[in-house]
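Chains as they are written, first to last, in our numbering: chain W, 249 to 620; chain Y, 2 to 364.
From the three backbone atoms N, C-alpha and C, an ideal C-beta is built for every residue, glycine too.
Source: prediction; values computed, not measured.
Scroll down for the structure; my scribbles are underneath it.
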Amino acid sequence: MTETKINDIEQEEITLNIGPQHPSTHGVLRFVVSLKGETVTKVEPHCGYIHRGIEKMCETMTYQQIIHLTDRFDYLSAHINNAAVCLAVENALEVEVPERVKVIRTIMDELTRIASHQLWWCSFGMDLGGQTCYFYGLRDREKILDIFEETTGGRLIQSYNTPGGLMADLHPNFQKRVKEFITYFRKIIPEYDDLLTGNIIMMERAIGMGILTKEQAISYGVTGPSGRASGFACDVRKRHPYHAYDKVTFNEIIRHEGDTYARYLNRMDEMRESMNIIEQLIDNIPEGDYAVKMKPIIKLPEGEYYQRVEAARGEFGVYIISKGEKYPYRMKFRSSSFSNLSAIDAMVSGNKIADLIAIGGSLDYVIPDIDR
Amino acid sequence: MSFIYDFTGFNQWADTALRQACSPFWAVFWEVLIVGIVFLLFYAVVGLYLVLAERKVCAFIQNRVGPNRVGPYGFFQTIADFIKLMMKEIIPIRKADKFLFNLAPYIVIVINFLALAAIPFAKGLHAIDLNIGIFYILAVSSMGVIGVMLAGWSSNSKYSMIGAMRSGAQIISYELSVGLSLIAICVLAGSLQLSVIVERQSDLWFIFKGHLPAVIAFIIYLIAGTAETNRGPFDLAEAESELTAGYHTEYSGIKFAFFYLAEYINMFIVASIAATLFFGGWMPLHFPGMDGFNHVMDFIPPVFWYLGKTAFLVLVIMWFKWTFPRLRIDQILHLEWKFLLPISLVNILVMAFFVLMGWYFGL
Numbered sequence: 249m250t251e252t253k254i255n256d257i258e259q260e261e262i263t264l265n266i267g268p269q270h271p272s273t274h275g276v277l278r279f280v281v282s283l284k285g286e287t288v289t290k291v292e293p294h295c296g297y298i299h300r301g302i303e304k305m306c307e308t309m310t311y312q313q314i315i316h317l318t319d320r321f322d323y324l325s326a327h328i329n330n331a332a333v334c335l336a337v338e339n340a341l342e343v344e345v346p347e348r349v350k351v352i353r354t355i356m357d358e359l360t361r362i363a364s365h366q367l368w369w370c371s372f373g374m375d376l377g378g379q380t381c382y383f384y385g386l387r388d389r390e391k392i393l394d395i396f397e398e399t400t401g402g403r404l405i406q407s408y409n410t411p412g413g414l415m416a417d418l419h420p421n422f423q424k425r426v427k428e429f430i431t432y433f434r435k436i437i438p439e440y441d442d443l444l445t446g447n448i449i450m451m452e453r454a455i456g457m458g459i460l461t462k463e464q465a466i467s468y469g470v471t472g473p474s475g476r477a478s479g480f481a482c483d484v485r486k487r488h489p490y491h492a493y494d495k496v497t498f499n500e501i502i503r504h505e506g507d508t509y510a511r512y513l514n515r516m517d518e519m520r521e522s523m524n525i526i527e528q529l530i531d532n533i534p535e536g537d538y539a540v541k542m543k544p545i546i547k548l549p550e551g552e553y554y555q556r557v558e559a560a561r562g563e564f565g566v567y568i569i570s571k572g573e574k575y576p577y578r579m580k581f582r583s584s585s586f587s588n589l590s591a592i593d594a595m596v597s598g599n600k601i602a603d604l605i606a607i608g609g610s611l612d613y614v615i616p617d618i619d620r
Numbered sequence: 002m003s004f005i006y007d008f009t010g011f012n013q014w015a016d017t018a019l020r021q022a023c024s025p026f027w028a029v030f031w032e033v034l035i036v037g038i039v040f041l042l043f044y045a046v047v048g049l050y051l052v053l054a055e056r057k058v059c060a061f062i063q064n065r066v067g068p069n070r071v072g073p074y075g076f077f078q079t080i081a082d083f084i085k086l087m088m089k090e091i092i093p094i095r096k097a098d099k100f101l102f103n104l105a106p107y108i109v110i111v112i113n114f115l116a117l118a119a120i121p122f123a124k125g126l127h128a129i130d131l132n133i134g135i136f137y138i139l140a141v142s143s144m145g146v147i148g149v150m151l152a153g154w155s156s157n158s159k160y161s162m163i164g165a166m167r168s169g170a171q172i173i174s175y176e177l178s179v180g181l182s183l184i185a186i187c188v189l190a191g192s193l194q195l196s197v198i199v200e201r202q203s204d205l206w207f208i209f210k211g212h213l214p215a216v217i218a219f220i221i222y223l224i225a226g227t228a229e230t231n232r233g234p235f236d237l238a239e240a241e242s243e244l245t246a247g248y249h250t251e252y253s254g255i256k257f258a259f260f261y262l263a264e265y266i267n268m269f270i271v272a273s274i275a276a277t278l279f280f281g282g283w284m285p286l287h288f289p290g291m292d293g294f295n296h297v298m299d300f301i302p303p304v305f306w307y308l309g310k311t312a313f314l315v316l317v318i319m320w321f322k323w324t325f326p327r328l329r330i331d332q333i334l335h336l337e338w339k340f341l342l343p344i345s346l347v348n349i350l351v352m353a354f355f356v357l358m359g360w361y362f363g364l
């Protein structure tokens, strides 16, 4: 009699709402977590708390205006998102942008990627409970934001791209400051490793946790550093080169463990790889115009267009259906965070609550990118 | 000014003066009252200034400035914070167990007081000098978990409850290591009375005297003590990024402040005990045979020795917190039951053997 009662108590699951307001969901995301003691049996992400209907808004906006909305998806890779729309429009109009534009866009993309991964490193450290990481990462990210501010006028969201090229030319200091930053950051990255990468507690918590197999990664559409940690070779920069990525040599960073630690190391290596790319280009920015002359009102020819780019979190896709008007008929964005988040249940189930936070941190989702 | 080196005479003078002035009952009454008020003030000052110290230390570690607006170098920041917290509304929690909910912070605070009472701050400067001092401190500090568990249970919130359960599992486990590592030192000292333990270190501190086993005991005590205060890499009960604020999620205003202060006083107590047992408490640094050096060290008043050692250990505990990421609940128990506990058990045997054979330094 008593034994069955004890079993009843053990069987009982509690449902815990993590979010919408919670320190480690990085925004307004809600996880409905079923718990057996501390062990997570099921995670249900509920998104949509900051859905702004951007895709619908795009249908009443010109292509130049749409650029400014794309900043607001994944605000940490704002520049890359801008470039995706510009590339889609340019390809649809069959406009060839000058080499200078391509190179500058590449450098800016990579700087954005470094800045984004720096902030990810900050918040991942926070998620694990190491709060000092946050300030170290932000200290270095400021330097990139200063570079952005000087050239584009914006720090977080730049809107520097426009169909046909760039809004303005580079600031004269740009090359000097980027080189300074790279020499500085190459010295600083070992500090990151000292603080977190080699830390025994961090390794205990990350190695073998939240394993995502290659098959799962492909079926959930997990891309970016997270997907590549599972052995899914999905780097758009390599597979479908755009900008000046076909002119530079860089490694596609792939690991096969598929655990939190692999995702962590992938991002750390990507920062180093991005610096290699910038170093190859920064001295070779071709002279020329920073934009081609475009008509003030852009009308895409009737048809469907798709452009994918490698954002900091994974593949970012822009899908445009045009009926030949100045507004798109329908616009759809493929955001990486949304697909990455969908895999969280497969990774977390059976682990502890603390792992949910750590695995979520290693996926590096940005909530406005999920909700759009 | 000689009383700053030895409070015994001062205490006796105060006692006889009171006993001459009034009946024995009232003399004891006034003594208890005065000591109580002094402790209350001490508690508040230490608590508030440890909060400030932590903010400054963490700011230093994190490339920041820290509080610097209220008073010079933010000296009055935490006092301003405390006044703010006192004036804040206490939000009543629906369906909470009101009695236990209100009781929990007081239990935590009272237990802190009880532990503080047994700590020798200087020669003759302690509230009570029990002959089972260490045992008393262990017994009292293990009761702190009751407050935490009550807070978590009565809040009627899942975050609080998970935090409290974690805290229960963690504190009960780490009690063992704390106790066993202190027993190793008691073996060396041959006494449980704190004043005697301090006296025995007059030639050499125990961490030097007991060399290897004492150092191992110290490291285990530091880890387990940090875990017992729910701080540093062991702050699972609060686990900001997981459980928002753990067991005190639902508390607001002054009741939250009680928990917050208690955490810092706990840290202070842990550091005090470590300083007393391993670094000689208020005993100045002495080396056998170096009379000149010992004599110079004696000029520094014992209170400063005590405070300096405690401050250093508090700094180390803060340093942990701002450097390491947090452990997971199963890892934390794994660490205790599979590593610290066996090591400390063996360590006691080693220490006993060393003491039997007389293989320790000093006399």
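Neighbour list for residue i in chain Y, Cβ cutoff strictly below 7 Å
i, result
"Gln379 of chain W", "Trp323"
"Leu376 of chain W", "Pro326, Arg327"
"Arg620 of chain W", "None at all; the shortest Cβ gap to chain Y is about 26 Å."
Cβ-Cβ separation, residue j to residue i (assumed contact under 8 Å), whole Å
i, j, result
"Ser273 of chain Y", "Lys89 of chain Y", "Not quite, the Cβ-Cβ distance comes to about 31 Å (not below 8 Å), so this is no contact."
"Leu277 of chain W", "Ile592 of chain W", "In fact, because the Cβ distance is near 10 Å, the residues do not count as touching under 8 Å."
"Ile224 of chain Y", "Ala116 of chain Y", "No, Ile224 of chain Y and Ala116 of chain Y are not in contact; Cβ-Cβ is about 19 Å, not under 8 Å."
"Asn330 of chain W", "Tyr384 of chain W", "Not confirmed; about 28 Å, so no contact."
"Pro616 of chain W", "Arg320 of chain W", "6 Å"
Beta-carbon neighbours of residue i, restricted to chain W and to distances below 7 Å
i, result
"Lys159 of chain Y", "Ile262, Leu264"
"Pro68 of chain Y", "By Cβ distance, chain W contributes nothing, its closest Cβ being about 15 Å from Pro68 of chain Y, past 7 Å."
Cβ neighbours of residue i in the same chain (closer than 6 Å, five flanking residues each side left out)
i, result
"Ile302 of chain W", "Leu317, Arg620"
"Tyr554 of chain W", "Tyr567"
"Glu552 of chain W", "Ile569"
"Met249 of chain W", "With a pLDDT of 44 at Met249 of chain W, under the threshold of 50, the modelled position of this residue cannot be trusted, and the question is left open."
"Gly401 of chain W", "none"
"Val351 of chain W", "Ala492, Leu529, Ile533"
"Asp299 of chain Y", "Pro285"
Enclosing beta strand (DSSP E) for residue i [first to last residue]
i, result
"Thr289 of chain W", "287-294"
"Val345 of chain W", "Segment: none, Val345 of chain W is in no beta strand (DSSP E) and carries neither H nor E."
"Tyr554 of chain W", "551-559"
"Tyr265 of chain Y", "No beta strand (DSSP E) holds Tyr265 of chain Y; the alpha helix (DSSP H) holding it covers 254-279."
"Ser282 of chain W", "278-284"
Neighbour list for residue i in chain Y, Cβ cutoff strictly below 8 Å
i, result
"Lys600 of chain W", "Arg329, Ile330, Asp331"
First and last residue of the uninterrupted alpha helix (DSSP H) at residue i
i, result
"Met1 of chain Y", "Past the edges of chain Y, shown from 2 to 364, lies residue 1 of chain Y, and the structure says nothing about it."
"Gln13 of chain Y", "9-22"
"Val484 of chain W", "484-487"
"Thr263 of chain W", "Note, Thr263 of chain W: premise wrong, no alpha helix (DSSP H); beta strand (DSSP E) at 262-266."
"Met451 of chain W", "448-454"
"Phe40 of chain Y", "25-62"
"Gly608 of chain W", "601-611"
"Glu563 of chain W", "Careful: Glu563 of chain W lies outside any alpha helix (DSSP H), inside the beta strand (DSSP E) at 562-570."
"Phe586 of chain W", "584-590"
"Phe355 of chain Y", "342-358"
"Asp82 of chain Y", "78-88"
Neighbouring residues, chain Y, relative to residue i (Cβ below 9 Å)
i, result
"Asp603 of chain W", "Arg329"
"Gly373 of chain W", "Pro326"
heavy atom of the ligand MG below 7 Å from residue i C-beta
i, result
"Pro106 of chain Y", "For the ligand MG, the structure offers nothing, since it holds no ligand at all."
Contact list for residue i against chain W, beta-carbon separation under 8 Å
i, result
"Ile62 of chain Y", "Thr380"
"Arg65 of chain Y", "Phe383"
Cut-off 7 Å between Cβ atoms - residues of its own chain near residue i, not counting five sequence neighbours on either side
i, result
"Ile530 of chain W", "Ile355, Gln423, Val426, Lys427"
"Ile349 of chain Y", "Leu181, Ile184, Ala185, Val188"
Chain-order list of residues whose beta-carbon lies under 8 Å from that of residue i (same chain, five-residue window excluded)
i, result
"Ile318 of chain Y", "Leu223, Gly226, Thr227, Thr230, Arg232, Gly233, Met268, Val271, Ala272"
"Gly180 of chain Y", "Leu139"
"Phe114 of chain Y", "Phe40, Tyr44"
"Lys600 of chain W", "Glu286, Thr287, Val288"
- Got a sec: which bits of the segment 445-459 of chain W sit with their beta carbon under 8 Å from any beta carbon on chain Y, in order along the chain? Only those residues of the segment 445-459 of chain W whose C-beta falls short of 8 Å from the nearest C-beta of chain Y are listed: Asn447, Ile449, Met450, Glu452, Arg453.
- Message: Output needed in chain order: residues of the segment 207-236 of chain Y with a Cβ under 9 Å from some Cβ in chain W.
- Response: Residues passing the 9 Å Cβ filter: Pro234, Asp236.
- Taking a Cβ distance cut-off of 9 Å, strictly less, list which residues of the segment 277-296 of chain W are near chain Y, in chain order. Taking 9 Å as the Cβ-Cβ cut-off against chain Y, the residues of the segment 277-296 of chain W that qualify are Leu283, Gly285, Glu286.
- Task: Quick one: which residues of the segment 410-426 of chain W get their C-beta closer than 7 Å to a C-beta of chain Y? List them in chain order.
- Result: For the segment 410-426 of chain W, there are no residues whose beta carbon sits under 7 Å from a beta carbon of chain Y.
- Task: Quick one: which residues of the segment 475-509 of chain W get their C-beta closer than 7 Å to a C-beta of chain Y? List them in chain order.
- Result: Cβ contacts with chain Y: none found.
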